[in-house]
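Using this note's numbering, the letters of the sequence shown correspond one by one to residues 392 to 770. Okay, structure first, notes after.
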Amino acid sequence: MCDLKTYPNFTLVGIKDRIVFFSPQGSPVHEIVLKEFNSPAHEEASKNGNPSVPQPHVVTFEYCGTSNLLAVSVGDKSLRCFSILEKDGKVSSEPLGEPIPTTKTIVCMKFAPKHDGLLFGCDKGDCYEFNMRAEASHRSKWILGHMSQILDVAISPDERYIVTCDRDEKIKVTSYPDCHNIECYCLGHLEYVGALAFLSPGRLLSVSGDKTLRVWQYVDGKEVVSHQLQEPAVHVSVRPMADEQSGSLCVVKSFVENKLELVHIANEPTNGCTDFEALELDANFIILNAVLSASLELYLLVLAKESKAVELLVYEFIEKEKRFQPRTDHPLRLSFLKTFEGATIDQVRNYSTLFKNSVDNLTDYFERKKQKIGKKGSE
392 MCDLKTYPNF TLVGIKDRIV FFSPQGSPVH EIVLKEFNSP AHEEASKNGN PSVPQPHVVT
452 FEYCGTSNLL AVSVGDKSLR CFSILEKDGK VSSEPLGEPI PTTKTIVCMK FAPKHDGLLF
512 GCDKGDCYEF NMRAEASHRS KWILGHMSQI LDVAISPDER YIVTCDRDEK IKVTSYPDCH
572 NIECYCLGHL EYVGALAFLS PGRLLSVSGD KTLRVWQYVD GKEVVSHQLQ EPAVHVSVRP
632 MADEQSGSLC VVKSFVENKL ELVHIANEPT NGCTDFEALE LDANFIILNA VLSASLELYL
692 LVLAKESKAV ELLVYEFIEK EKRFQPRTDH PLRLSFLKTF EGATIDQVRN YSTLFKNSVD
752 NLTDYFERKK QKIGKKGSE
């Protein structure tokens, strides 16, 4: 239903059928409104007596500043592609063809600019490469798969490797563009792996439902650090500190819906992890998205439980105090309030479905046995 991402020249916010581009100064500079799409599947359903066409809403998106392309995954199981144009200080967009129907919902995507590719993972375990500028018959191809739902995809800075993670604790490292070669697996997590991020060309960061943050030498599948978190993690945003020699700052979105954990990761060779004070919002709020900007400003897309209203909160990182301070007067926040006035979201993602369903037959067995022994003892 929504997404929030920040790039060098834009911050993009998508809520329902609207995607708004905000400038680095916080002003809205362009808006895309998604149109209804009557896919072949919906036409078939209409023949069977179900004529309704679902309203389009954003699942996720990815923007590539190198090629000026925007890809949008939509809840009606379609992929929308746009060319973004900047001229004389103005921003405009043009659709690249018609919406493309997909058999599965695209849940994560990354651009590979050197190869003119868009990599995206689906909710059923498949990863595809898509060329947005190619002819329709040569646009898409399957490149790799998992045995369970893919939760995130990342591509190495040199674009030699694709890294994917899934619900079954696995991190898979695949060569690119020759995707038939599996380089290795990064194994060690005990629950779903919710998100991936690169700390440097040779180091990968992962967070998981097993309450750990881990750093990997991913080409070798070697775990470098395992850091204990307070709660299961579902997402992470990472940026280098102002002094890049001082390591990186990670904001970990917690399974607890109003909480973020903050972790500092030192550079090699120590890779030491240090917890900063966690950021916990009022219990009335649900954190939908959390991203760090290059200047270490924290943008939170949040939902008020009672009113269902969507808000944008902005925080400034105070490095000396190692904490975030709210900026209620931030230009981006003020512009968001005007642009998305009255915006609501009715449904949020249920992350509890990512956990494994454990089957415990022994507890009931021993309890029944204990009761039988107790009955015999009382006779």
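All residues carry an ideal CB built from backbone N, CA and C; glycine is no exception.
Q) Can you name the start and end residues of the alpha helix (DSSP H) that His426 belongs to? A) Within the sequence shown, the letter at position 35 stands for residue 426. For the sequence presented, residue 426 should be read as Lys rather than His. Lys426 -> no alpha helix (DSSP H), and no H or E assigned at all.
Q.
If I measure Cβ to Cβ from Tyr519 and keep anything under 7 Å in the same chain, skipping five residues before and after, which residues do I get?
A. Position 128 of the sequence shown, counted from the first residue, corresponds to residue 519. For Tyr519, where only same-chain residues beyond five positions count, the Cβ hits under 7 Å are Phe511, Ser531, Lys532, Trp533, Ile534.
Q: Go through its chain and collect everything with a Cβ distance to Leu728's Cβ below 8 Å, but skip five positions before and after it.
A: Position 337 of the sequence shown, counted from the start, is the residue given in the question as residue 728. Excluding sequence neighbours, Leu728 sits near Glu702, Leu703.
Q | Assigned secondary structure, Asp394 (DSSP; H/G/I helix, E/B strand, else coil) | A | For the purposes of this step, residue 394 is taken as residue 3 along the sequence shown, with counting starting at 1. It is a strand residue.
Q | Alpha-carbon spacing of Glu614 relative to Lys407, whole angstroms | A | As a working mapping, residue 614 is identified with position 223 in the sequence shown. As a working mapping, residue 407 is identified with position 16 in the sequence shown. For Glu614 and Lys407, the distance between alpha carbons rounds to 39 Å.
Q. Would you report the Cα separation of Val554 and Ala681, rounded to the nearest angstrom?
A. The count along the sequence shown starts at 1 and reaches residue 554 at position 163. The count along the sequence shown starts at 1 and reaches residue 681 at position 290. So the alpha carbons of these two residues sit roughly 22 Å apart.
Q. In angstroms, rounded to a whole number, what distance separates the CA positions of Pro419 and Gly488?
A. What you label residue 419 is simply residue 28 of the sequence shown in a count that begins at 1. What you label residue 488 is simply residue 97 of the sequence shown in a count that begins at 1. In this model, Pro419 and Gly488 are separated by some 25 Å (Cα to Cα).
Q | Boundaries of the alpha helix (DSSP H) in which Val725 is found, first to last residue | A | By 1-based counting over the sequence shown, the position of residue 725 is 334. Here the sequence assigns Leu to residue 725, which means Val is not the residue at that position. Its alpha helix (DSSP H) spans residues 722-730.
Q. Expressed to the nearest angstrom, what Euclidean distance is found between the alpha-carbon atoms of Glu668 and Lys713?
A. Translated into the one-based positions of the sequence shown, residue 668 becomes position 277. Translated into the one-based positions of the sequence shown, residue 713 becomes position 322. Spanning the two alpha carbons is a distance of roughly 7 Å.
Q: Assign Ser418 to one of three DSSP states: helix, strand, or coil.
A: Here residue 418 is taken as the residue at index 27 of the sequence shown, counted from 1. In the three-state DSSP reduction, Ser418 falls in the coil class, being neither helix nor strand.
Q: Might you give, ordered along the chain, the residues of its own chain that have their beta carbon closer than 6 Å to the beta carbon of Leu476, omitting 5 neighbours on each side?
A: In the sequence shown, residue 476 corresponds to position 85, counting from 1. Counting only Cβ-Cβ distances below 6 Å, and skipping sequence neighbours, we find Ser483.
Q) Using a Cβ-Cβ cut-off of 8 Å (strictly less than) and excluding sequence neighbours within five positions of Asp543, which residues of its own chain qualify? A) Within the sequence shown, residue 543 is the residue found at index 152, counting from 1. Cys499, Gly512, Thr555, Cys556, Val584, Gly585, Ala586, Leu587, listed in sequence order.
Q: Note down the Cα distance separating Val750 from Asp601, rounded to an integer number of angstroms.
A: For the purposes of this step, residue 750 is taken as the residue at position 359 of the sequence shown. For the purposes of this step, residue 601 is taken as the residue at position 210 of the sequence shown. At Val750 the pLDDT is 46, less than 50, meaning the model places this residue with poor confidence; the figure from the coordinates comes in the next sentence. Taking the straight line from one Cα to the other gives about 17 Å.
Q. Sorted by chain position, which residues of the same chain lie with C-beta nearer than 6 Å to Thr451's C-beta, five sequence neighbours on each side aside?
A. Position 60 of the sequence shown, counted from the start, is the residue given in the question as residue 451. The residues are Asp394, Ser464.
Q) Buried or exposed: which applies to Glu659, given that a residue is buried once 16 or more other Cβ atoms fall within 10 Å of its Cβ? A) Residue mapping note: residue 659 aligns to position 268 of the sequence shown, counting from 1. The C-beta of Glu659 has fewer than 16 other C-beta atoms within 10 Å across all chains shown, which makes the residue exposed.
Q. In this structure, does DSSP put Tyr742 in helix, strand or coil?
A. Position 351 of the sequence shown, counting from 1, holds the residue named residue 742. Tyr742 falls in the helix class under three-state DSSP.
Q) Do you know offhand how far Phe708's Cα is from Lys761's? A) Locating residue 708 in the sequence shown gives position 317, where the first residue counts as 1. Locating residue 761 in the sequence shown gives position 370, where the first residue counts as 1. Rounded to whole angstroms, Phe708 to Lys761 spans 56 Å at the Cα level.
(Q) Give me the residue from Lys468, Ile573, Lys561 with the minimum Cα distance to Gln446. (A) If you number the sequence shown from 1, residue 446 lands on position 55. Shortest Cα-Cα distance from Gln446 to any of Lys468, Ile573, Lys561 involves Lys468.
Q | Touch test, the stretch 681-691 against the stretch 613-629, Cβ-Cβ under 8 Å, three pairs minimum | A | yes
Q: Please report the residue range of the beta strand (DSSP E) in which Pro717 lies.
A: Reading the sequence shown from its first residue, position 326 is the one you call residue 717. Segment 714-717, the beta strand (DSSP E) holding Pro717.
**Q.** Met538 versus Leu620: straight-line alpha-carbon distance, rounded
**A.** Within the sequence shown, numbered from 1, the residue matching residue 538 stands at position 147. Within the sequence shown, numbered from 1, the residue matching residue 620 stands at position 229. C-alpha separation (whole angstroms): 27 Å.
Q | Chain-order list of residues whose beta-carbon lies under 6 Å from that of Val598 (same chain, five-residue window excluded) | A | Your numbering for residue 598 matches position 207 in the sequence shown. So the qualifying residues of the chain are Gly585, Ala586, Leu604, Ala624, Val627, Val643.
(Q) Please state the DSSP three-state secondary structure of Ile497. (A) If you number the sequence shown from 1, residue 497 lands on position 106. In the three-state reduction of the DSSP assignment, Ile497 falls in the strand class.
Q: Within its chain, find whatever has a CB closer than 6 Å to the CB of Thr402; leave out the 5 residues flanking it on each side and keep chain order.
A: Working through the sequence shown from its first residue, we reach residue 402 at position 11. Result list for Thr402: Phe413, in chain order.
Q. Lys407 by DSSP, collapsed to three states: which one?
A. In the sequence shown, the residue the question calls residue 407 occupies position 16. The three-state reading of DSSP puts Lys407 in coil, since its state is none of H, G, I, E or B.
Q) So, helix, strand or coil for Ile764, using DSSP? A) The sequence position of residue 764 within the sequence shown is 373, counting from 1. Of the three classes helix, strand and coil, the one that applies to Ile764 here is helix, per DSSP.
Q: Identify whether Ser637 lies in helix, strand or coil by the three-state DSSP scheme.
A: For the purposes of this step, residue 637 is taken as residue 246 along the sequence shown, with counting starting at 1. Residue state, collapsed to three classes: helix.
Q. Rounded C-beta distance between Tyr742 and Phe646? I'm assuming under 8 Å.
A. Mapped onto the sequence shown, residue 742 falls at position 351. Mapped onto the sequence shown, residue 646 falls at position 255. Correct: roughly 6 Å between the Cβ atoms.
Q) If you run the structure through DSSP and keep just helix, strand and coil, what is Glu758? A) Taking the sequence shown and counting its residues from 1, one reaches residue 758 at position 367. Glu758 falls in the helix class under three-state DSSP.
Q) Can the beta-carbon of Cys455 be found closer than 7 Å to that of Phe502? A) Counting from one through the sequence shown, the residue named residue 455 turns up at place 64. Counting from one through the sequence shown, the residue named residue 502 turns up at place 111. Taking 7 Å as the Cβ cut-off, Cys455 and Phe502 qualify as a contacting pair.
**Q.** Lys505 in three-state terms, based on DSSP
**A.** The residue given as residue 505 occupies position 114 in the sequence shown. Lys505: helix per DSSP, three-state reduction.
Q. Going by the CB atoms, is the gap between Arg718 and Val739 shorter than 7 Å?
A. The count along the sequence shown starts at 1 and reaches residue 739 at position 348. The count along the sequence shown starts at 1 and reaches residue 718 at position 327. Their beta carbons are not under 7 Å apart, which means Val739 does not touch Arg718 by this criterion.
**Q.** Cα-Cα separation, Ala734 to Gly405
**A.** Here residue 734 corresponds to residue number 343 of the sequence shown, with the count starting at 1. Here residue 405 corresponds to residue number 14 of the sequence shown, with the count starting at 1. Each residue's Cα considered, the two are about 11 Å apart.
Q.
Here's a check: name, in chain order, each residue in its chain whose Cβ is nearer than 6 Å to the Cβ of Val564, leaving out the five neighbours to either side.
A. The residue labelled residue 564 in the question sits at position 173 within the sequence shown. Same-chain partners within the cutoff: Tyr552, Val554, Glu574, Cys575, Tyr609.
Q. Where does Val647 sit, in a helix, a strand or coil, going by DSSP?
A. On the sequence shown, residue 647 is found 256 positions in, with the first residue counted as 1. Val647: coil per DSSP, three-state reduction.
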